[in-house]
Structures are given as C-alpha cells and as structure tokens.
Amino acid sequence: MPGGGRRLPRTVRSTIPPAVVPLIAGDMASSKYSLLGASLPTLPGVEQPPTPKHFPFPNTPVDDDLVFEFVMFLYTTIAAALQFLQLYRSVWWLPRSYNSNSVNFYLIDSHLVIFIMIILSRRLVYVFVCKLLERWTPQKYFDSTCLFYRIFLFGTMVMSLSWCAYFVIQNYAIINIFYLCYPVSVYLILFGFTITPFFELVSWSPESLPPMHACTSNAADIRAEVENLKSNFNGRMKQILFSSVLNAYYAALIPCCFAQNFVYYDISWAAQHVVSLWLGCFSSYAIHILPLRYCDILHRSALHLGYWDKVQTRSPVAHAWQEDTLWPNGSLVRHGREVYRGMGETNAAEPGNTTYSRFFNIFMNPSLVLASLLAVQVALVLFQLTLLLRSYFYWYNIVSVTLLLFFNYYTLFKIGRDYLISQKIYKTEQAMHSKLTNN
C-alpha cells in the first residue's frame, strides 16, 4: 500500500521466537530489524549461576544479656550521678562554707531520682528474674511464665512511676510532667501497644521467622529471606536508637530539666554530657544487638540477592526479567522500560528496587559499617580525652570524664576487635569472589 508500513510475510512473522523481549516502539534495534524484514536474534538460554561460597566465620565472644544489662545499668547510673554532681556541687572547701558535703543533697528531689532509677534498672531486673525462671521453670511453661512476669513487672513499674510522678508534681509546675512522659509517645510510635520491647532488646513475634540464612537457588525464597532479615534488622535498629536516646534522656537530660531556677551550672558541659552519654550508649547497644554472627547472616543473604545496574543505552536486546529466575553475573534483562545488568554472582533482586539495592550495598561488606561505628567511638574517646586535659582546674569535671572513659574504652575494644576480624575475613572473601567472577 503506498505510504503505508511494510508488512512482513506470514512465514517470516511465524519465525520470530516468542521468548524475545519486544523492544520499545521507536527503539533503534526494533526499527532496524523491522526494516530488514528479518526476525530478532534468538537469545541464549539463561544458565544457572553457581551458589556463592561463604567463608566459615569464627565464634567471637559476646556478652551475656545479664552481664550487658548490669554494665549498662552501672554506666547510666554513674552518668546520672555525675550530672547531678555537675548541677548541685558545693563549695565545701572554702573556710566558711556551711556545707561539709561536696554535693547539695537537700536540693535533689529524691522522688525524681527514684523515677530515673526505675527506668534505668527495668531490663536488669527483668533479665535477672528471667534467668532464675529459666533454671527453675520447666521448659514448656517458661514462655508463659515469662509473659505473666512481664505483665506483673510492667504493672508494678507503672504504679511506682505514677507514685513518684505525683510527688514530683508537688514541687514543680504541671508542665514538667510532660518531660517525664514524653518518651511514652515515642515508644508508642515505634513499637505500638506491646510491652515486650520495653524489657527485651532482641525479640520477634512467634509469627515471624528468626534471622537465619539458607543457601538456595530459588529466587523467590531468596527475596523472602531478605524481606524477613530486613524487617528484623529494622526492628533492631529501632531498639538501638530508642534505648540509647531513652538512657541519655533520663540519665542526663531530665536532671537539667528539673533543676531549680536559682541553680547555676555550665550549660555547655551539661549538653556535652548528654551527647557523650547518647553516643556511648548507641555504640554499646549497636555492638551488642548487631554481633558479628548476625551481620554475617545478612552478608550471606546479600551475596545471594545481588543487585542490578541500570544500563544507559536503550538499544540492547535483553531477556525479560522473570521473578522465578536466578540470573548470573553480567545478565542483561529488561524490566519496565529500562535495561539492567546483573552485577552480583547471583541476582535474585527485582531490578530498580531501591530497597534491595540498599540492602546489598550495606551488607555486601559489613566491615564498612563497623568501620563507621569504630570511627564514632574513636572520636568520642578523643573528645573526652581533650576535655580531660582542658578541665584540670575543676575536680568534678575530671571525675565525670574519667569514669565515663572507662566504659567507652571497653566499648572501643569490642568494636575494634570485631572490625579487625570482619575486615580480614571479608577482604579475603571479596578477593575470592572477584577471582571467580573474572574467570
């Protein structure tokens, strides 16, 4: 037909393989083949990629929950006492001083102190009794016994905190009660109406799977495993952030909020005490809740997941991405209107899914995450050492920095040890994977 498009003969059209992806209208490759009247090239079949090899991971020591909670309770309690020392220190060394104590204890609200101690000690009390129940209670009744104990402890805490808050309000403005209850609203936003995260650092519902990795060649199972691990990791990160902020809030900030108007104190020093306590708690919770074995599970799952890199040109002939196919390294697939190249040893991720790309980039080498955490802890220790050198005129500042440094040294040791182990293992593993990929 004059002026019309040229139609292919029926015999030619029937030879076009159905597995070939139809390219976008106006694409150069599509126009070229249609003008020639020839069929699109037949794509080779997708070979099953080999399963990624994992290095055996050594058993690194991790603090027992009871030991960790005891150390954390000791650390936050000392930090709260040091903040009260900063606020209510006296001039007892002067010749005519009427106070023989180093702290003006009569200015400190005892009910406020009890309120803070109840919050800081909740997990230590819970874990200690659970250890006793684990020894004395039959295994089949242990979970239900812990549930009843958790409810009982929560009710006891609520009544005790309400009793303390009532007496605190008698001496302060009613608006101050919001300072005490503000973290409750944050908790409800993060965890909802469940009390388990209030007492347990690591917990998951019976409906969800525990964080485990299975070496499989089923792409759907790999993505399901990644979704489960991603949800578990997000829950742990929420616990790290909430617990560290809660400790710094009640141990360091609340004493400043309830200081009397006539009390003079160094605001900058009190502020750095809050920030230092938060960073110290954050690093300690992170290295305890995210141990090396757990990070290695995420790393192994990331190796199976792989990731896709978008190809800038729109012309190459590519396979249509299929969700049940495990794609090898270098595969070209078309998903939507874009073309992607598989960059992992195996690629089960959905092309263009930023969640999967972020998971792969973070956990492809967990030692980078530990390196960031190590840098934060080193900066904190160096900052406190600088404060110690500059505060030799003030005895209370020397006591404050020195006591907190002992705990931060211990956390620095654990982070540095884990980083050196993971960095050596993942560096060797990466070299092996690069060699296999190049071959």
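Numbering of the sequence shown is given in this note's numbering, commencing with residue 765 and proceeding in unit increments. Glycine included, every Cβ here is placed at the ideal spot set by N, Cα and C.
Helix, strand or coil: which one does DSSP assign to residue 798?
Its pLDDT being 37, under 50, residue 798 is placed unreliably in this model, and the value from its coordinates should be taken loosely. Residue 798 falls in the helix class under three-state DSSP.
Which one or two residues does DSSP pair with residue 1073 in a beta bridge?
According to DSSP, residue 1073 bridges with 1105.
Give the range of the beta strand (DSSP E) segment to which residue 1017 is assigned.
It is not in any beta strand (DSSP E) - residue 1017 carries neither H nor E in the DSSP assignment.
Let me check understanding here. Comparing Cα to Cα, which of 1058, 1166, 924, 1098 lies closest to residue 1086?
1098
I'd like the span of the beta strand (DSSP E) that includes residue 706, first residue to last.
Outside the displayed range of the chain (765 to 1203) lies residue 706, so it cannot be described from this structure.
Would you kindly check if the distance between the Cβ of residue 1160 and the Cβ of residue 897 is under 8 Å?
Against a cut-off of 8 Å, the Cβ pair of residue 1160 and residue 897 comes out as no contact.
At what residues does the alpha helix (DSSP H) containing residue 853 begin and finish?
Premise fails: residue 853 is in no alpha helix (DSSP H) and is neither H nor E.
Does DSSP put residue 1083 in a helix, a strand or coil?
The answer is strand: DSSP assigns residue 1083 an E or B state.
By how many angstroms is the C-alpha of residue 847 removed from the C-alpha of residue 1037?
Spanning the two alpha carbons is a distance of roughly 8 Å.
Between which residues of its own chain and residue 1057 is the CB-CB distance below 7 Å, once the five residues before and five after are set aside?
821
Just how far apart, CA to CA, sit residue 1126 and residue 1164?
36 Å
Compute the Euclidean distance between the alpha carbons of residue 869 and residue 908, then round it to the nearest angstrom.
44 Å
Rounded to a whole number of angstroms, what is the C-alpha to C-alpha distance between residue 993 and residue 1107?
21 Å
If we ignore side chains and look at the alpha-carbon of each, how far apart do residue 884 and residue 1068 end up?
41 Å
Could you give the residue range of the alpha helix (DSSP H) that holds residue 1119?
1118–1127
What would DSSP say about residue 1111, mapped onto helix, strand or coil?
strand
For residue 867, write down the residues that DSSP places opposite it in a beta bridge.
853
Once you ignore the five residues that flank residue 836 on each side, which residues in its own chain have a CB closer than 7 Å to its CB?
1048
Mark residue 944 as exposed unless 16 or more other C-beta atoms lie within 10 angstroms of its C-beta, in which case mark it buried.
buried
For a quick check, are the C-beta atoms of residue 1130 and residue 1062 less than 8 Å apart?
yes
Would you give the residue range spanned by the alpha helix (DSSP H) that residue 731 belongs to?
The structure shown does not extend to residue 731, since the chain is modelled only from 765 to 1203, so the question has no answer here.
Taking the continuous alpha helix (DSSP H) assigned at residue 929, which residues delimit it?
903–935
If we call anything under 8 Å between Cβ atoms a contact, is residue 1111 one with residue 1121?
At the C-beta level, residue 1111 and residue 1121 stay beyond 8 Å of one another.
In three-state DSSP terms, what is residue 813?
coil
Tell me which residues share the same chain as residue 798 and place their Cβ nearer than 6 Å to its Cβ, disregarding the 5 neighbours each side in the sequence.
Caution is warranted here: a pLDDT of 37 is assigned to residue 798, below 50, making its placement in the model unreliable, and no coordinate value can be reported.
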